[in-house]
Every structure is written in structure tokens, then in C-alpha cells.
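Chains as they are written, first to last, in our numbering: chain A, 1 to 99; chain B, 1 to 99; chain C, 1 to 462; chain D, 1 to 462.
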Ligand SMILES: NC(=O)c1ccc[n+]([C@@H]2O[C@H](COP(=O)([O-])OP(=O)(O)OC[C@H]3O[C@@H](n4cnc5c(N)ncnc54)[C@H](OP(=O)(O)O)[C@@H]3O)[C@@H](O)[C@H]2O)c1
Ligand SMILES: NC(=O)c1ccc[n+]([C@@H]2O[C@H](COP(=O)([O-])OP(=O)(O)OC[C@H]3O[C@@H](n4cnc5c(N)ncnc54)[C@H](OP(=O)(O)O)[C@@H]3O)[C@@H](O)[C@H]2O)c1
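In C-alpha cells:
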């Protein structure tokens, strides 16, 4: 019980951190921001992995397995597409040599 | 034990919050900032109060008592002086009517 | 504390720090890529930390899941075109929400179908499946509307609001009941079903063009679902990542709604209600000056200073590469070219920036509204490419207009305005645009990509 | 969870949130006061929450402590003049550190003089008393040097560094030993004593003028001591408030050291070493143009645009009110007056801003260095009032100078520079200033307050 209370602090502080950091992301990078948070939100993978690998009966394993698939999809897809996007943003100094 | 671990998160996140907030304080307000954090750091009053009021033997009570005095001094003095300072900062619109 | 616990908890703490640093680096375009790599390392750490968890006894399902997920995720990362980003994001919110919801259900199920769930954990689990389930169907609907296999127009029926609110109230009632008495599987699954239905009814009456706000809001809900999962299973990295997502989605939806001049509550309560109604103030009696590509090319070839104003039409036409080509030609002729990016140009925050970056336009030339609005009066030509609402002077002057008060780009201050679009049809807000009737405005009708190609061709000839 | 626990924990959580919001509001001058009131409410909440703590059985000592503390604190808040802020802050760091250290010692003592302290708590307690004790004596030394009842020059003796480092190493050794075996009161008290001695030896060799950096660093240490207390007694609001303080002190000392052109490690490791040595490059053969108050008054009376550059000398002379009076006269004559505030002008971050605000100068006229540096070339007169190092061109040009590379105010670009100081003595860094020998520089010798009064008098006459 007490632990859940401290976790409340973690939540509130993380919310503040999120607020302070995100409000300073320039409009230029709002799309990469969306896809990054998308990838990060796949952190529920952590819970899914335990479900899929623990000994909690077949139902839990199957549900966990499906959850692992969904979350992994987001991790992989989300980070790749964000990186692909950010790779495109170049300052004037070194414009791409593409024709 | 586990609790101390979560508290580590609280510490780290609060550090981030502090970093993000403080770096954006303009130089104009650096002195008030110093006196504010000074007042806030008197939060150790919370620990002092418990020491002074709990039934942990005379030594603990006396130590707690002295600690309460010191911390209260900072709370009262720190907030008053900060407020006094901030009261002086006025935008051009309404300069003080002082002669 | 066993070494294993130390390792796991250390990995989680470090992962949390890396997530924060990763997002933080998105504050600086030149550090953004490095930052995302930090976040990736964080994710990897969290995964590795979890794999040594003492409850895990078998790895076959885990490995299978990771492999299948990678196989599905890879093409979603590599091949999806930039123009399909909105639906891509909606789609993956759905996946994330499925994961969170299934974990919640499995947790409930394994604890004796609720019998062994303590009240405090039930509260967290309840939030998790509530937010999770409504995000699943909500995101699916958004995806469908954007991909246009569902009707993208608002679908409404009589009493719809009452049905939605009714479902919501019942779901919350079940939630409260469950917290008081967790061992009630029927109530639990009914709650999940209601949340799923609520997600559908929430998005059904919203038009396709409003989806970006909805998606951001669902992002925020998905984050809250992750946080709730963290509370339920006592895992801080989930709480933190969830809170970061929640904040991000929330802030982006506020930014969007503000820039679109919609009220904050309107967004908060699910961007309910239809798209803004057209306050059609027909500009009858006014004439439009249209211009040929040849004439436009001459103007551009001799312009000293050109400001390009891209809008949703550029995305539709996929004309970003032609834009860059034209800009390079103008620069070769000695002119300067800057890009004025309105915060809600296009259909997604940052939409224009990504497209132009894809076409190799350096990001220092992409100027935010406040930065460039003072420059229009010095510009020889403002080249409006498929933008409409974001350059509508009615936002400044016409109190009756639905977009009145929305900050816009002051293109009409430029010496000459050239507007590329296919017709006189209105844009997203469905309203007339007086800009098109001004004396210093010339319309270049046609698909933006084709018009641009013609311009490029003409200037090269000259 | 009992209602009492809910109340206490709710109060603490709310207090933490209010502290963050309070500091956040310091980002905006117009919201700062409201924000500090939020922080005050937070403190009140934390105190009230604590008073209902179940361990508290008697209130007599508590009430006595609160009353005495208020009686001491009130005059420290109301009567201390703004010019004495640095020593005032050093003094209260000492008080804060005493509180934290005593709580740590009492906690150790009550748990069977260490016998019942678990290792994990011992680590936190150890940090608490280490940081606390060194902050007590360190702050006291800083206070003494600033108040000048201790010699403000660096006090050094041979082998001093080895003594300091030796004490530090032994204290850390004791700390490690205690974590392994907490039930060892002798080691504990020896550690406290060593930390006290270390605080003295840390500050002894540092000059009075370097104290602001030391104070900020001690602020940061005091914050860490609070955080450690929070870990020891399991209280989050302490951890959070401590971390906020720690970050603040740390950031301010970095800002100061950067603006003073001192290395980061130099600061981190206690700003060890003496004040920078004078690289005396005598400007022999050059002549100084001095000016009379009458002539200076004429120049100022006819100037269109004046930039005032205050420095430590203005604080010494307490001349801020005369500065404002002069500025108002110039403005009445149709001229414009701005203030150029260097980040380390004076002896404390924000020193000049507070003094000028006290004299009712509106804060929009106080310009930060980056903002105003481009304006000097358009200024008719740059009026340097008791500033020296922050306007020394050697920082730009003389590679051998100890301040080379430090960003400075470009006063020498103004059409005319008037410098007020009492003599040709150097400032804080102890070096010559070529500015005083330039052709467009005129020296107005004398105490700044008196010179300003004369100027005001002359202009009024005219
Ligand atoms: N960015 C966001 O986050 C976001 C989110 C939600 C809503 N919105 C809304 O979206 C709108 C964005 O404004 P906007 O000015 O970018 O776009 P807009 O007002 O929707 O106008 C787009 C214009 O592009 C033209 N167009 C379409 N396809 C074209 C093609 N192939 N070639 C040339 N022109 C073409 C259309 O005219 P024709 O049909 O005549 O060609 C249309 O008038 C705002 O109202 C905003 O509130 C934005
Ligand atoms: N702000 C901070 O946080 C901070 C912290 C630590 C160190 N510092 C250091 O402090 C220095 C600040 O530079 P600064 O330019 O403000 O001051 P400064 O370089 O110390 O020079 C102050 C000048 O004021 C003159 N002065 C003293 N009393 C006066 C009076 N009553 N009337 C008129 N003039 C008087 C002195 O010359 P006379 O004796 O000839 O009158 C002296 O040259 C920098 O070197 C900075 O690195 C600042």
C-alpha cells in the first residue's frame, strides 16, 4: 500500500518532467515526437514479457504472447520510423547529396 | 528495501524537474531563486518536528528542539525576504509611487 | 536484495533516465537523432532487465512473440510513406493499447479471476483496461477513417450523445463496484466490453480531418493505460514512460486545438461534436485572377525574395520534391527562399516539416509562424501551395467566421501572392477564403505537383 | 490506510507539487510572487501534515521551537538590507544544515546508538550528516568572510591540500565502515567531527570574493543532505525538496563559474585553490582622461541614448537610488536609459537586478548581456558605475589575461564611456583594465553615490 503511494509521487514527477520537456519541443519536430512517444509507450512490453514467460496457466501465456507481439511491433516500427524521419532533418550546412 | 529503491526514482525525477525548471529562471531573478531554495530547504523541519515531539528520550527531544528552531528560522526568514525582494520587481507599466 | 533484483531495478532506472534524455534531445533538431538512440538503448535495457525476471520460467512464447512482432514492425517502420504517418500512428496506438489491455486482463484472470486482487491493485487494473480498451477501438476507428475504409465524414444518429454518455457512466459504475469488490469477473468483462464500445461511439461522430486531435488524445490515454499497468504490477519504468506519453499527447492536442481555435474542453471531452459548420459567406460579385504557369514562372524567376507557404494540398499532391527543385532554381537565379510553416498546416503536428525534410530542404529554412510573419511585407512573392485555412484573412477580420481569432500567416502582405490549388473548393474548415479575390493574388489552378513541374520546366527554359 | 495517513501523505504530495509550481513561476517575473506564495502554502501543508504524525506525543517542545524560530527568523527576513544578501544566505544555509545534521544524529542515537540501524538506512544517515556537517562549518566560514569578522583573504598554509584531502578520505572511510557495521558510535561521531573540520578547511583557502560560488555549492550540498534525510526517514517531500535545492545550487554555481571563466571541475571540487592571480600587465605610458561632474552632466543632459552598466562598486556605494534618479532626469530630457546587467556583475547572481529593483527601476529596463550587447554601438553614452572586470576588453583580446574568454559587455563601442570609480585600483580579478585608457573613455573619480548626486544636482541646475 505504502508502495503505491510512493509510486504516486513517481507518476506526478514524471508528469512534470514530461510537461517541461514536451512544451519545449519545436513544432519542427512534432511528428517525430508523436512517433517517439508511440515507441516509448510500447514499454508495456515489459509487463507482456512477464505474462508470456511466467507460469500462470495457458490463458495468461497466450494473452501475454499476443501482447508481446503487439508491443514489439510498436517498439520496432516506432523507433525505425522515427529514426528514418530524423535522418531527413538536415541543417543548411550539409544538404543531402541526393539528386 | 524496495521502498528505498522507488525513492531513488523520486530523487532522480525531482532532480530532472529541478534541472528543467531552474535552467529557465532568468538572471533577473537569480537572487530571489537563491533565497527561495533556501526557504524550501528548511523542509528538514518536517523531520525535526517529529524528533522534537516523539517519545525517543530527552537527547532526541533536545536535538529535535534545536533543529526545529533552526529550520523554522529559515522558513520564516527565507520566505519573508523572498517576498520582500519580489515585491520590488515591477514592470515598466506601474513604477512604484515612492519618492 | 539479490544481485538479480539490483540488475533489474538498475536497468529500469537507467531506462527511465534514458527515456527522459531522449525526449529532451527532441528540443534540439541537431541532437534529436542521438536522443532517439538513447531512448532505444533505454528500451533495450528495460527488455533485457525484464528477461531475467524471476517469474519467467519459459522463453519459447517470449521469443516467438518478439520475432513475430519484429517481422510485423519492421515494414511498418521502413516502408510506410511519410504521407501516411497519421494513420500509421493511429494504427500503432491500437497495438499498444491491445498489449496493455491484454496484460490487464491476464493479470485479473490469473489472480483467481479477480478473487485474489486487492482493492488497491484493482483500481490500477481497472484504469488500465478502461483506458486500454477505449483506446483500442478509438484508434481503430481513427485509423479506418484516415485510411478511408470507414466513412471519414462524421457519422451521427439521434440521441448519440446520450448513448455514449450512458455507456461511459455504466462503465465507471462497474469500475467503482469492482474496486469495492474485485472478485466479480462478470462486471470486469462487461466493463471491458463497454469501454470497447465507448471507444467506437467516441470517434464515430468525428470527421476524418479532426482525427489528428483524436489521435493525440488517444496517445495520452494509451500513456495513462501504461502508467496504470505500472501501478498494477508495481513497475516504475511503466509509470514514468506512461506519464511522459500522457503529457506528450495531452500537450500536442492542446497545441492543435489552440491553433485550430477550438475550445480546450471541446478537446478534453473527446473532441465531441461535429466538425465546425461552414459559415459560408459567399464572395459573390468578386472576381478571381488566374495566372498561367508561364507568367508565374517569369515572376518567380525574377523574384529576389520568395516565401513558400505549404499546406495540406502539398501533402495530397506529394509535391514536396518539386517544391525543393523550384526553390533551388530560384536560389540559383539569386533569389532567396524561405518556408513559412503554420502550426496546423496539413493534418498532423509537424506534417509540413517532415515532408519538406524528406525532400532535403534544410530545416533552418523552415520558419515558424511567429518568426516569419513579419517578413511577408518584404517578400516579392508568397507562393501558397495547397494551403487554405491557414492563410485565410477572415481569421483576422471576420468576427462571424468559425476560424475568427486563429492566428494565420500574413501572406496578403507580400507584393504578389500566387496560390496553387485545384479549384475554388474550401479547405478543412469549409469556408470561403477572401485571399483568393484580392488584387495582388493570382490563382494557379491544377494539381500542385503538376503545376510545380510546369513552373520548374518554364524557369529552366528561360 | 488510516485517514490520518491519507491526510499526511496527501499533504506531503501536495506540498511537493506546490514547491515545483512555485519554482516554476520564478521563470516569469510577473508570476514570481504568486509562485512564492504557492511554495509557502506548500511548506505550511507539510508542517500541518507532520503535526498530526502518530509518533508525535507532546507538543510543548515543538511549539517552543516554532515560536523561537519565528522570533529569530522574522528580523532576518524583514530587516536585513539587500546589500547583505550574500552573508544572509550563507548564514541560513548554516541553520538549515544544523537542522538536518541534528535530525540525523538524533535518529542514529535513538536507534540504540546505531545498534538498530539497518545498513541501507545507515547509508542515507551517513550522507545526511556528512553533507550536513560540512555545510554547517563551510557556511559559517563563508558567512564570516563576507561579514568580515574572519579574514576575507585566502588563508593558506603549507600542505593544506593534503590535510583537507586526508580528512575527506578518512571521513569517507568511516562512512563505508559504518554502512557495513552501523553499530559503531565512535566511528559515527568521529565522522561528524571530521566533516565539520573538512568544511572549515574547504573554505579557509578561498578568498571572500569567491564566496558566492562557494555558497551556491553549499546550497547544493544542503539540498543533498535534505534528500538523504528523506531517504533515511522515508519521506518523499524531503527527497523532492532536497533534489530541487541540489539542482538549483548546482546550476547557479555552474552559471557563475562559466561567466567568471573558471573551470567546471574547479567549482565542483569546492572551488579549491586561491583566487586568480593578478596577471598585472601595467599600462604604463598611457594616460587617463578624467572628467569633472559638470562636464559629465552636460554630456548626459544632451544624450539621446544612455546605457547604464552597474557593477560591484554600485553595491558598495549603495548608489542604486541615485542611479534611478539620474535616469529619470535623463528621460525627462527626452533621452532613453537602459541597464546592461552582466551575469556576474556584483558578488552574487542577480545582485544588480535586486538592487535596482529595490530602487524602483522597472525590470523591463534591465537587459541581459546577450540582449544589449548589440546596442552599445548606437549608444551616446555608456555610464559605467563601479563595474570593472565585466567591461574589461582584455577578456576579448589578451590571451594571457586570467579573464581571457569571459564574455563581457561591449561598452567600448559606445560613442562616449564615462566610468565612475574611486581610484585606478583593479576589481575582483585584480587586473588592469585598458578600457580606462581609451580615447573615448572619461574617468569620473570618487564614490559612486556622491558622484551621482553631483551629476543629478548639475543636471537639475541646467
Ligand atoms: N496540422 C494539424 O495538426 C491539423 C490537425 C487537424 C486539423 N487541421 C486543420 O487542417 C487545416 C490545415 O490548413 P491548410 O491550409 O494546410 O489546408 P486546408 O485548409 O485543408 O486546405 C488545403 C487546400 O489544398 C488544396 N488541395 C488539395 N489537394 C490538392 C492538390 N493535389 N494540389 C493542389 N492543391 C490541393 C485544396 O483545395 P482544392 O480542393 O481546390 O485543390 C484545399 O483548399 C486547418 O484548418 C487546420 O485547423 C490541422
Ligand atoms: N556576481 C557574481 O555572482 C559573482 C560571484 C563571484 C565573483 N564575481 C566576480 O566579481 C566581479 C564583478 O565584476 P564587477 O565589474 O561588477 O566588479 P569589479 O570588477 O569587482 O569592480 C568593482 C569596481 O568598483 C569600484 N568601486 C568600489 N567601491 C566603489 C564606490 N564606493 N564607488 C565607486 N566605485 C567603487 C572599484 O574600483 P575603485 O576601488 O577604484 O573604486 C572596482 O574596480 C567579476 O570579476 C566576477 O567574476 C561575481
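Positions of the beta carbon are idealized from the N, C-alpha and C atoms, including for glycine. On a predicted model such as this, the values are computed, not experimentally measured, just so you know.
Extent of the continuous beta strand (DSSP E) run through residue i
{"i": "residue 442 of chain D", "result": "441-445"}
{"i": "residue 162 of chain C", "result": "Unbroken run through residue 162 of chain C is the alpha helix (DSSP H), 160-180; no beta strand (DSSP E)."}
{"i": "residue 382 of chain D", "result": "381-385"}
{"i": "residue 420 of chain C", "result": "416-421"}
Below-7 Å beta-carbon distance, residue i vs any chain A residue
{"i": "residue 80 of chain D", "result": "no"}
{"i": "residue 314 of chain C", "result": "no"}
{"i": "residue 5 of chain C", "result": "no"}
{"i": "residue 20 of chain B", "result": "yes"}
{"i": "residue 46 of chain B", "result": "no"}
Selection from the options that minimises the alpha carbon distance to residue i
{"i": "residue 255 of chain C", "options": "A:22, A:10, A:6 and A:83", "result": "A:22"}
{"i": "residue 379 of chain C", "options": "C:297, C:189, C:63 and C:416", "result": "C:416"}
{"i": "residue 329 of chain C", "options": "C:453, C:206 and C:384", "result": "C:453"}
{"i": "residue 139 of chain C", "options": "C:377, C:215, C:341 and C:251", "result": "C:215"}
{"i": "residue 259 of chain D", "options": "D:385, D:348 and D:298", "result": "D:348"}
{"i": "residue 196 of chain D", "options": "D:243, D:97 and D:205", "result": "D:97"}
{"i": "residue 475 of chain D", "options": "D:420, D:424, D:295 and D:462", "result": "Any answer about residue 475 of chain D is impossible in this case: the structure gives chain D only from 1 up to 462."}
{"i": "residue 95 of chain C", "options": "A:78, A:85 and A:82", "result": "A:78"}
For residue i, three-class secondary structure by DSSP
{"i": "residue 212 of chain D", "result": "helix"}
{"i": "residue 87 of chain B", "result": "helix"}
{"i": "residue 310 of chain C", "result": "strand"}
{"i": "residue 294 of chain D", "result": "helix"}
{"i": "residue 115 of chain C", "result": "coil"}
{"i": "residue 399 of chain C", "result": "coil"}
{"i": "residue 336 of chain D", "result": "strand"}
{"i": "residue 5 of chain C", "result": "helix"}
{"i": "residue 480 of chain D", "result": "Because chain D is modelled from 1 through 462, residue 480 of chain D falls outside the range shown and cannot be assessed."}
{"i": "residue 372 of chain C", "result": "helix"}
{"i": "residue 233 of chain D", "result": "helix"}
{"i": "residue 366 of chain C", "result": "strand"}
Min CB distance residue i to chain B below 7 Å
{"i": "residue 226 of chain D", "result": "yes"}
{"i": "residue 248 of chain D", "result": "yes"}
{"i": "residue 9 of chain D", "result": "no"}
{"i": "residue 43 of chain A", "result": "no"}
{"i": "residue 236 of chain C", "result": "yes"}
{"i": "residue 391 of chain C", "result": "no"}
{"i": "residue 63 of chain A", "result": "no"}
{"i": "residue 86 of chain A", "result": "no"}
Range covered by the alpha helix (DSSP H) that runs through residue i
{"i": "residue 21 of chain A", "result": "2-22"}
{"i": "residue 303 of chain D", "result": "Unbroken run through residue 303 of chain D: none, as it is neither H nor E."}
{"i": "residue 189 of chain D", "result": "185-203"}
Residue i versus residue j: straight-line alpha-carbon distance, rounded
{"i": "residue 12 of chain A", "j": "residue 176 of chain D", "result": "34 Å"}
{"i": "residue 472 of chain C", "j": "residue 192 of chain C", "result": "Since the first residue shown for chain C is 1 and the last is 462, residue 472 of chain C is missing from the structure and cannot be characterised."}
{"i": "residue 121 of chain C", "j": "residue 116 of chain D", "result": "33 Å"}
{"i": "residue 133 of chain C", "j": "residue 406 of chain C", "result": "34 Å"}
{"i": "residue 327 of chain D", "j": "residue 313 of chain D", "result": "18 Å"}
{"i": "residue 371 of chain C", "j": "residue 398 of chain C", "result": "24 Å"}
CB contact check: residue i to chain D, cutoff 7 Å
{"i": "residue 2 of chain B", "result": "no"}
{"i": "residue 58 of chain B", "result": "no"}
{"i": "residue 5 of chain B", "result": "no"}
Minimum Cβ-Cβ distance from residue i to chain C less than 7 Å
{"i": "residue 16 of chain B", "result": "yes"}
{"i": "residue 31 of chain A", "result": "yes"}
Near ligand 4: residue i beta-carbon under 6 Å from a heavy atom
{"i": "residue 230 of chain D", "result": "The ligand content of the structure shown is limited to ligand 1 and ligand 2, which means ligand 4 is not among them."}
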